[in-house]
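S.K.: Residue numbers (this note's numbering): 27 to 165.
Pasting in a structure now, in structure tokens, and then I'll have a few things to ask.
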């Protein structure tokens, strides 16, 4: 079964104040994660927690090497890693009790999405929060 994004889930995740762990967020401003994290934080008012193996601070917020070391609870895990690594991140999101996983454009892992849904998480896959937010008129 292939995943289909639910427009209501997308809207709810974007408009409900939450803590978003952005996996793959580093200090590299040229990366898409930087711009999307800024949009989530500045336009939508979400708390953004950087998660990256180097645990770099981003925009004055301490970074964490993995989801387990990030401040809890985590509401949404935004996955900016390649599809081959996404399943492990989704499994970590399930393990820390996240409410949702959002796999970025081009990140597709049907098995991981199914595991997340089976664990009760909302799933958005192959989509960008900044693109979706702007499409919905959310700044």
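Don't be surprised by glycine CBs; every beta carbon is placed ideally from N, CA and C.
These figures come from a predicted structure and were not determined experimentally.
#1: From residue 86 to residue 118, what does the alpha carbon distance come to, in whole angstroms?
#2: Taking C-beta to C-beta, are residue 129 and residue 145 nearer than 7 angstroms?
#3: Looking at the secondary structure, which residues open and close the beta strand (DSSP E) in which residue 73 lies?
#4: Do residue 75 and residue 96 have their beta-carbon atoms positioned less than 7 angstroms apart in this structure?
#5: Assign residue 155 to one of two classes, buried (16 or more other C-beta atoms within 10 Å of its C-beta) or exposed (fewer than that).
#6: Cβ of residue 54 within 6 angstroms of any heavy atom in the ligand ADP?
#7: Quick one: any contact between the segment 77-93 and the segment 28-38, if contact means 3 or more CB pairs under 8 angstroms?
M.R.: Let's see:
#1: Distance from the CA atom of residue 86 to the CA atom of residue 118, rounded to whole angstroms, is 25 angstroms.
#2: no
#3: 73-77
#4: yes
#5: buried
#6: This structure simply doesn't include the ligand ADP, nor any ligand for that matter.
#7: no
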